[in-house]
Amino acid sequence: MEMMATVPLYYDPNAYPAYAWPPMMAPFPATPTSAPGVMYPDTTVKSGSEMGDTPPSGGSGGSGGQAPKRKFKSPQEAERYRLKRDRNNLAAQKSRFERRKKEEEMQKKISALNEKCAAYEQRIRLLEQENLNLRAGYGLPPFNNENLPPQPQSPFETKAFAGYGS
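Each step along the sequence shown adds one to the number in full-length UniProt numbering, with nothing skipped, and position 135 is 135.
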């Protein structure tokens with residue numbers, strides 16, 4: 001019997017370089033390769049309650065109902081389906097891993113920017129204190145916005161245009 005391609009069971013970011021993901025899988029055999037007389041187990045996918053793992057739900061269908069059974073025509077079809085599900089699970093795992101990695105990087109950037117902002121605020125407080133000390137040393141009044149002339153709200157409210165009607 002020819003070996004089918006196997007998919008790693010979990011996503012390992014260090015196993016393959018980014019350009020080589022997903023790993024190349026061997027193509028499916030064109031014809032069935034089973035040896036004569038080989039018996040395959042039942043390839044029907046069953047839900048947990050059908051296998052006896054969980055008790056069946058008491059409802060009559062609805063959104064919480066059981067998924068329909070999947071029947072395969074051949075063992076190769078079952079193997080293809082299993083391989084497809086494994087690949088999809090691996091892709092989902094990789095996607096979640098990449099999202100978490102991106103979120104962690106973003107959180108690090110946010111933390112660094114918050115630290116930088118706090119450092120700038122501290123520097124502003126120190127410079128304001130230094131300004132007050134220098135003004136006091138030279139006998140100047142403390143600087144505040146009350147000493148400044150009033151600023152117009154918009155450039156069109158200046159006195160230069162006061163004589164012209166609109």
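Note that beta-carbon positions come from the ideal geometry of N, C-alpha and C, so glycine has one too.
Taking only the alpha-carbon atoms, compute the straight-line gap between Ala92 and Leu83 and give it to the nearest angstrom.
To locate residue 92, count along the sequence shown from 1; it is residue 92. To locate residue 83, count along the sequence shown from 1; it is residue 83. Their backbone Cα atoms lie some 14 Å apart in a straight line.
Inter-residue Cα distance where the pair is Pro13 and Glu128:
Walking along the sequence shown from the start, residue 13 turns up at place 13. Walking along the sequence shown from the start, residue 128 turns up at place 128. Per the coordinates, the alpha-carbon of Pro13 lies some 50 Å from the alpha-carbon of Glu128.
DSSP three-state call for Gly137: helix, strand or coil?
Along the sequence shown, one-based indexing puts residue 137 at 137. Secondary structure at Gly137: helix, using DSSP grouped into helix, strand and coil.
Grab me the residues of Glu105's own chain with a C-beta within less than 6 Å of its C-beta, minus the 5 sequence neighbours each way, in chain order.
As a working mapping, residue 105 is identified with position 105 in the sequence shown. Taken in chain order, the list of residues that qualify is empty.
What is the C-beta distance between Leu132 and Pro141, in whole angstroms, given that I count them as a contact (C-beta under 8 Å)?
On the sequence shown, residue 132 is found 132 positions in, with the first residue counted as 1. On the sequence shown, residue 141 is found 141 positions in, with the first residue counted as 1. The Cβ separation is near 10 Å, so there is no contact.
Can you give me the C-alpha to C-alpha distance between Ala118 and Ala78, rounded to a whole angstrom?
Position 118 of the sequence shown holds residue 118. Position 78 of the sequence shown holds residue 78. Their backbone Cα atoms lie some 60 Å apart in a straight line.
Would Leu90 be called buried (16 or more neighbouring beta carbons within 10 Å of its own) or exposed?
Position 90 of the sequence shown, counted from the first residue, corresponds to residue 90. With at least 16 other beta carbons inside 10 angstroms of its own, Leu90 counts as buried.
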